[in-house]
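Below you'll find the structure, written out as structure tokens, and then a few comments.
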Ligand code: UD1
Ligand code: UDP
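Numbering (my numbering), first residue to last: 11 to 368.
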């Protein structure tokens with residue numbers, strides 16, 4: 011049994027890490043293909059180093075581009091490697107262009123596809139990720155749904171129950187495997203002169219937010235209102251996509267918002283675990299905030315993580331400034347006593363076990 015793990019971006023490296031660790035632990039025959047959709051040191055190499063992951067066997071150097079360029083190039087290059095490497099199964103994780111290209115290349119070569127984090131839906135076809143999720147799920151042979159809700163979604167779409175396995179989300183494994191290390195090793199709070207629960211943490215990079223001037227302006231105006239009300243710093247490890255757009259749209263960073271370079275996983279976990287509240291449009295961060303019991307305000311109109319809304323660890327605020335302030339106040343008035351719907355942290359092992367058994 012030969013396994014091929016395909017990844018390409020920051021969240022895929024983090025969420026695949028528990029599966030890679032399990033393959034290493036069991037000394038399985040496996041190899042990693044990295045498309046290099048993310049290539050900047052702070053979005054890529056830093057995670058391999060911190061999480062002590064083996065170097066990918068193949069780096070495809072796909073880089074940035076339009077959706078068609080990125081997906082098309084990845085499809086062509088992945089196919090070449092799969093023909094050479096002859097794996098029995100390809101694993102992809104999440105909803106990026108790398109995921110779609112990997113799943114499509116494999117299935118057309120009649121190689122089994124396992125989709126980790128299957129069955130998530132925002133029902134918003136404007137998100138490129140939504141198209142990637144739907145298409146990947148429908149060409150997969152093993153669908154590793156993180157929750158029962160995700161499984162039900164897949165069944166409703168006509169996917170056979172036999173292919174679906176509820177495994178929890180590997181992000182829980184990643185958090186549990188690294189949080190103690192983060193507390194011990196990270197010096198980020200000291201470096202930025204931050205005290206526990208005396209700052210907000212922000213991330214924002216989603217195409218439908220930052221590529222639209224009005225939405226991005228709405229978020230920045232919301233940050234302004236937040237600082238006026240709380241006078242607490244808003245720490246923002248800024249994604250290169252957003253940095254580019256802020257410059258292009260000539261938008262001003264509001265007082266109180268402190269931009270920093272993207273940080274590694276240990277620093278980010280430490281920032282997240284100690285924040286008063288997290289504002290984000292990220293998928294993984296909605297989950298992590300829930301796991302770490304830190305309130306989350308999501309700067310979107312929908313989410314493919316409704317479990318976090320039901321748990322009441324998260325609320326949708328969109329990009330209207332007044333609504334952002336209002337929902338921050340709502341979340342701060344709540345107790346942090348919600349449960350974690352994403353499993354107990356053994357998802358990596360579970361997924362590998364299912365693959366070996368089947
Ligand atoms: C991608 C995923 C998104 C995921 C995010 C994780 C798709 C469609 N989008 O979005 O789902 O949430 O990764 O962070 O797959 N850039 C750099 N250095 C890099 C990578 C990108 O500077 O290493 C800049 C480039 O200007 C590039 C832009 O960021 O054009 C966007 O990168 P891209 O990979 O297209 O999408 P993300 O916004 O990163
Ligand atoms: N993250 C990180 N450093 C940062 C910002 C995020 O390590 O500066 C981690 C975060 O802990 C989470 C993941 O990156 O696990 C989320 O990735 P991202 O928001 O880029 O993608 P998404 O989850 O939205 O696809």
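For glycine and all other residues, C-beta sits at the position ideal for the given N, C-alpha and C.
All of these numbers come straight from a predicted model, not from anything done at the bench.
Listed as beta-bridge partners of residue 213 by DSSP are 290.
Take residue 355, set aside five residues on each side of it, and the residues of its chain with a beta-carbon closer than 6 Å to its own are 182, 183 and 186, in chain order.
With fewer than 16 other beta carbons inside 10 angstroms of its own, residue 133 counts as exposed. When the alpha-carbon of residue 253 is set against those of 48, 240, 272 and 236, the nearest one is in 272. According to the DSSP secondary-structure assignment, residue 39 is paired through a beta bridge with 12. It is roughly 23 Å from the alpha-carbon of residue 28 to the alpha-carbon of residue 304. Near ligand 2, residues with a Cβ at less than 5 Å from any of the ligand's heavy atoms are 20, 21, 24, 247, 272, 273, 275, 278, 292, 293 and 294; the list follows chain order.
Contact check between the region 140 to 159 and the region 326 to 340: fewer than three CB pairs, one atom from each, fall below 8 Å, which does not count as touching. By the Cβ-count criterion, residue 294 is buried, with 16 or more other Cβ atoms from all chains shown falling within 10 Å of its own Cβ.
Using a Cβ-Cβ distance cut-off of 8 Å, the region 191 to 198 and the region 215 to 225 are not in contact, since fewer than three pairs of beta carbons, one from each stretch, lie closer than that value. For residue 243, the enclosing beta strand (DSSP E) begins and ends at 243 to 247. Counted as a single uninterrupted DSSP element, the stretch harbouring residue 120 is not any alpha helix (DSSP H), since DSSP gives it neither H nor E. In this structure, 25 is the residue among 329, 25 and 332 with its C-alpha nearest to the C-alpha of residue 178. Under DSSP, residue 270 shares a beta bridge with 247. Each of 108, 77 and 324 was checked against the Cα of residue 89, and the nearest Cα belongs to 108. A distance criterion of 7 Å places the beta-carbon of residue 297 beyond contact range of ligand 1, judged by its closest non-hydrogen atom.
With a beta-carbon spacing of about 7 Å, residue 290 and residue 309 fall inside the 8 Å limit used to define contacts.
With a 10 Å radius around the Cβ and a threshold of 16 neighbouring Cβ atoms, residue 64 comes out exposed. Between the region 67 to 74 and the region 119 to 135 there are fewer than three C-beta pairs closer than 8 Å, too few to call the two in contact. Sixteen is the threshold: when 16 or more other Cβ atoms of the shown chains lie within 10 Å of the Cβ of residue 48, as they do, the residue is buried.
Per DSSP, reduced to three states, the secondary structure at residue 306 is strand. Per DSSP, residue 78 lies in no beta strand (DSSP E) segment; the continuous alpha helix (DSSP H) that holds it begins and ends at 77 to 95. If you draw a straight line from the Cα of residue 201 to the Cα of residue 148, it is about 46 Å long. Exclusion of residue 221 from the 7 Å shell around ligand 1 follows from its C-beta lying no nearer than that to any non-hydrogen atom of the ligand.
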